[in-house]
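Numbering (this note's numbering), first residue to last: 1 to 238. Even for Gly, the Cβ is constructed at its ideal location relative to N, Cα and C.
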Ligand code: GLP
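Okay, structure coming up:
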């Protein structure tokens, strides 16, 4: 694990965006895994800026959305794919055919997850995965107890995650679909973002704790190519 502690959210976003820009310049055809939540918002902003300044293009990049709420339409502002489109994809030159996501309205969620896992495989796997981390150490929606060999599948969202994601009064579902732990571990490179004191315990457990299902992100200790970019507050206990 390469751990980078930076001053604040802005520096975290800049460092992550620079890493992604360098990857894309070297290999514009990569498969990019994208997370939602607050953590990557600044990164997406900087990627849009870099695109507008003519510094990068996404025309040959495939993007895969990490997870999705179940029962929410992809067209809805609440959906993760809708969020990433608004914050990032709609403002750059990603081809529509190169945007891959789980359909929150799929009638058969098992089948939908299987389809998505196969789609990732067919594309050759994820080259660079952007991740956030939950306060309980979840990655994607792989909540505590998630099997290490799990692939994309329907899941129940943990009560603490529901409470956290409902801050601000947003009503969100209790079920989701997510790339599995194995799907994430198979990514060739991972950049994990963490900002704010609320993430301090999860970050400590991920980096210094035992590898345990109680803290799903702890499995990332075994990933051969991961950068963790944390601001000073998230790094408080390191
Ligand atoms: C959600 C998502 C995760 C995300 C996490 C952290 O539960 N399923 O993929 O990493 O929240 O979100 P935030 O970055 O807003 O703290």
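Could you check whether the Cβ of residue i sits closer than 7 angstroms to any heavy atom belonging to ligand 1?
i: residue 35; result: yes
i: residue 165; result: yes
i: residue 132; result: yes
i: residue 161; result: yes
i: residue 64; result: no
i: residue 39; result: yes
i: residue 141; result: yes
i: residue 67; result: yes
What does DSSP give as the partner residue(s) for residue i in the beta ladder?
i: residue 99; result: 63
i: residue 154; result: 177
i: residue 4; result: 229
i: residue 69; result: 176
i: residue 56; result: Beta-bridge pairing links residue 56 to no other residue.
i: residue 142; result: 139
i: residue 87; result: Bridge partners of residue 87: none, in fact.
i: residue 32; result: 63, 128
Taking the C-alpha atoms as reference points, what is the distance between residue i and residue j?
i: residue 72; j: residue 78; result: 7 angstroms
i: residue 188; j: residue 27; result: 13 angstroms
i: residue 161; j: residue 135; result: 8 angstroms
i: residue 24; j: residue 95; result: 15 angstroms
i: residue 191; j: residue 108; result: 31 angstroms
i: residue 214; j: residue 52; result: 42 angstroms
i: residue 8; j: residue 232; result: 6 angstroms
i: residue 228; j: residue 201; result: 14 angstroms
i: residue 168; j: residue 198; result: 16 angstroms
i: residue 196; j: residue 89; result: 26 angstroms
i: residue 173; j: residue 218; result: 26 angstroms
i: residue 87; j: residue 208; result: 33 angstroms
Residues in its own chain within less than 6 angstroms of residue i by CB, not counting five upstream and five downstream?
i: residue 32; result: 61, 63, 128
i: residue 155; result: 141, 176, 178
i: residue 56; result: 21, 24, 50
i: residue 98; result: 62
i: residue 58; result: 92, 93, 94
i: residue 235; result: 5
Can you list, in chain order, the residues of its chain whose CB lies under 8 angstroms from that of residue i, leaving out five sequence neighbours each side?
i: residue 153; result: 110, 113, 177, 178, 180
i: residue 182; result: 148, 149, 150, 151
i: residue 105; result: 71, 72, 73, 74
i: residue 163; result: none
To which residues of the same chain is residue i closer than 7 angstroms at the C-beta, ignoring the five residues directly before and after it?
i: residue 223; result: 185, 190
ask   = Enumerated in chain order, which unbroken segments of the alpha helix (DSSP H) with a length of 4 residues or greater are wholly contained in the region 162-225?
value = 181-185, 200-208
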